[in-house]
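Chains as they are written, first to last, in the numbering used here: chain U, 333 to 444; chain Y, 1403 to 1514. Encoded as structure tokens, the structure appears first; notes follow it.
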Amino acid sequence: AQSVTQPDIHITVSEGASLELRCNYSYGATPYLFWYVQSPGQGLQLLLKYFSGDTLVQGIKGFEAEFKRSQSSFNLRKPSVHWSDAAEYFCAVAGGYQKVTFGTGTKLQVIP
Amino acid sequence: NAGVTQTPKFRVLKTGQSMTLLCAQDMNHEYMYWYRQDPGMGLRLIHYSVGEGTTAKGEVPDGYNVSRLKKQNFLLGLESAAPSQTSVYFCASSRQGAGELFFGEGSRLTVL
């Protein structure tokens, strides 16, 4: 069965600092991988996705993620965090054609 | 563009009562999903549908029923609500399985 682990429940960074959110997945073959962001009281919005090809994918709002098959990881990065990035971030994996499995989320706090 | 619309947004039930959550999408998507979100547990798939007239169980289907009589609508029913079903429920749709999910804003349900 597919699964996703986000080891960091809560992360605090200073505005302007770099950010990396960790994600590890479990799936027997090459998965489809996603990062979603959720602002308070809202639904989830797709930041970026990896299906195949270039292992470094670019997303919206200046985010990027790198697929590393050897480490079963898909970490999310941003070079310089803005206060508006404060939100909860979810990594997700889809191993089949029908179901997407989400991690437990990482809540990002940005301090001035 | 409306996208995915969930009604109601808030509801309080007493144990044993029944209710239905309605999800409507205007993007002509084939796939629709119901998730529940609980603190520290991420999003867990309740039921999903791969097309009009079809439904399938997700990770946590017990206590819920669904119907997809029309392509644009996906209904989630609770026949006899229990306090353990207190949660935020999200509907999502996608054009293809394992593709980008488009989420509604959520429905907060409290069962007393």
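Note that CB positions come from ideal geometry on N, CA and C, so glycine has one too. Owing to the predicted nature of the structure, the values given are computational and were not obtained by experimental measurement.
Taking C-beta pairs closer than 8 Å, name the residues in chain U that Y:G1465 reaches, listed in chain order.
By Cβ distance, chain U contributes nothing, its closest Cβ being about 19 Å from Y:G1465, past 8 Å.
For U:S405, list the residues DSSP reports as bridge partners.
U:N356 and U:K400
Quick check on this structure: which residue in U:S402, U:V442 and U:E420 has the alpha carbon closest to the alpha carbon of U:T362?
U:S402
When we look at the beta-carbon of Y:H1431 and count the other beta-carbons within 10 Å, is it buried (16 or more) or exposed?
Per the 10 Å Cβ criterion, buried.
Measure the C-alpha to C-alpha separation of U:A397 and U:Q338 and round it to an integer number of angstroms.
14 Å
Starting from U:L376, follow the beta strand (DSSP E) in both directions and report where the run begins and ends.
L376 to Y382
U:W415, buried or exposed, once every other Cβ within 10 Å from all chains shown has been counted against 16
Counting the other Cβ atoms within 10 Å of the Cβ of U:W415 gives fewer than 16, which makes it exposed.
Among Y:E1454, Y:E1481 and Y:P1441, which residue has its Cα nearest to the Cα of Y:P1463?
Y:E1481
Contact criterion: CB-CB distance below 8 Å. Does Y:F1398 meet it with respect to chain U?
There is simply no residue 1398 of chain Y to check, as chain Y begins at 1403 and stops at 1514 in what is shown.
Quick one, are the C-beta atoms of Y:S1495 and Y:Y1433 less than 8 Å apart?
yes
Against U:G385, what residues of chain Y qualify as contacts under a CB-to-CB distance less than 7 Å, listed in chain order?
In chain order: nothing, as chain Y lies at least about 16 Å away.
Nearest CA to the CA of U:G373: which residue from Y:M1443, Y:Q1439 and Y:R1446?
Y:Q1439
Give the secondary structure of U:G394 by DSSP, where H, G and I count as helix, E and B as strand, and everything else as coil.
helix
Rounded to a whole number of angstroms, what is the C-alpha to C-alpha distance between Y:W1436 and U:L378?
17 Å
Counting only Cβ pairs nearer than 9 Å, list the residues of chain Y close to U:A426.
G1499, A1500 and G1501
Going by other Cβ atoms of all chains shown within 10 Å of its Cβ, with 16 needed for buried, is Y:I1448 buried or exposed?
By the neighbour-count rule (16 or more Cβ atoms within 10 Å), Y:I1448 is buried.
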